[in-house]
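To start, the structure under review is shown below, and the notes come after it.
Numbering (our numbering), first residue to last: 2 to 277.
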């Protein structure tokens, strides 16, 4: 249990950290994400070789996941350009889990247990407190990010169950790098990518490794503890993001955002522990 706890908390810190790097970058945010995921894709190639490749069925889900990750990256870049880290990150992560839970009930016939409904309601209250108002580009793009998180979570769940889990994580990372590169080239961002890599390639490499490691650590952690326990710890990053926004970025409205993030986290804990 201690191993799972340490792995899940490390994943939470790493995920918040690479998102913070995107928020603080001096480069165009999509270009920064593109550079980061290029390195993540290169690391994934090595990991996939070590893992022994991927089945055809696994590749189908990985391609679908990579396609959905493209609008995720585009919207994430815009969201951080429009709003505070302590608001955008918790709405995106908590909203993704919120929509996934509803989608599971509506689309996948997951059982609508009383605890599940209660957890969804608690998360909704927390998200409402975080948003303050459902108007404005920051909140709307964060909701868009949450929608894409819901979609790729569905594809990744199907893919990881259809084949070797660790190998699937690497395949998904490769396809995300591929779709981001196609979009970056098509929108004439290659020159900006080269300039960003010349200036900060070490930072992008570190962030790319962190983003890939985050998912891998979670997959390893579930070997030592229940999925619900690991997921609850992993999503503690929503509170961490609120604290980072306050202490490191000097963002305002800290009391409401930290409290709201705590409400979202409590709903997530209830969802993954009692709602399943």
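We put the beta carbon where it would ideally sit given N, CA and C, even for glycine.
Quick caveat: nothing in here was measured; it's all calculated off a predicted structure.
Local conformation of residue i per DSSP, three classes
| i | result |
| --- | --- |
| residue 232 | helix |
| residue 250 | coil |
| residue 176 | helix |
| residue 110 | coil |
| residue 133 | coil |
| residue 28 | coil |
| residue 184 | helix |
| residue 149 | helix |
| residue 169 | helix |
Element boundaries [alpha helix (DSSP H), containing residue i]
| i | result |
| --- | --- |
| residue 258 | 255-274 |
| residue 16 | 3-25 |
Alpha carbon of residue i to alpha carbon of residue j, nearest angstrom
| i | j | result |
| --- | --- | --- |
| residue 244 | residue 57 | 43 Å |
| residue 220 | residue 274 | 17 Å |
| residue 249 | residue 87 | 10 Å |
| residue 40 | residue 115 | 43 Å |
| residue 216 | residue 162 | 15 Å |
| residue 113 | residue 82 | 37 Å |
| residue 174 | residue 108 | 26 Å |
| residue 238 | residue 13 | 5 Å |
| residue 207 | residue 37 | 8 Å |
| residue 155 | residue 101 | 8 Å |
| residue 59 | residue 200 | 36 Å |
| residue 281 | residue 212 | The structure shown does not extend to residue 281, since the chain is modelled only from 2 through 277, so no value can be given for it. |
| residue 118 | residue 202 | 45 Å |
| residue 183 | residue 70 | 12 Å |
Residue j beta carbon less than 8 Å from that of residue i
| i | j | result |
| --- | --- | --- |
| residue 271 | residue 240 | no |
| residue 176 | residue 84 | no |
| residue 106 | residue 268 | no |
| residue 96 | residue 128 | yes |
| residue 197 | residue 32 | yes |
| residue 9 | residue 171 | no |
| residue 146 | residue 225 | no |
| residue 209 | residue 52 | no |
| residue 149 | residue 76 | yes |
| residue 140 | residue 92 | yes |
| residue 4 | residue 234 | no |
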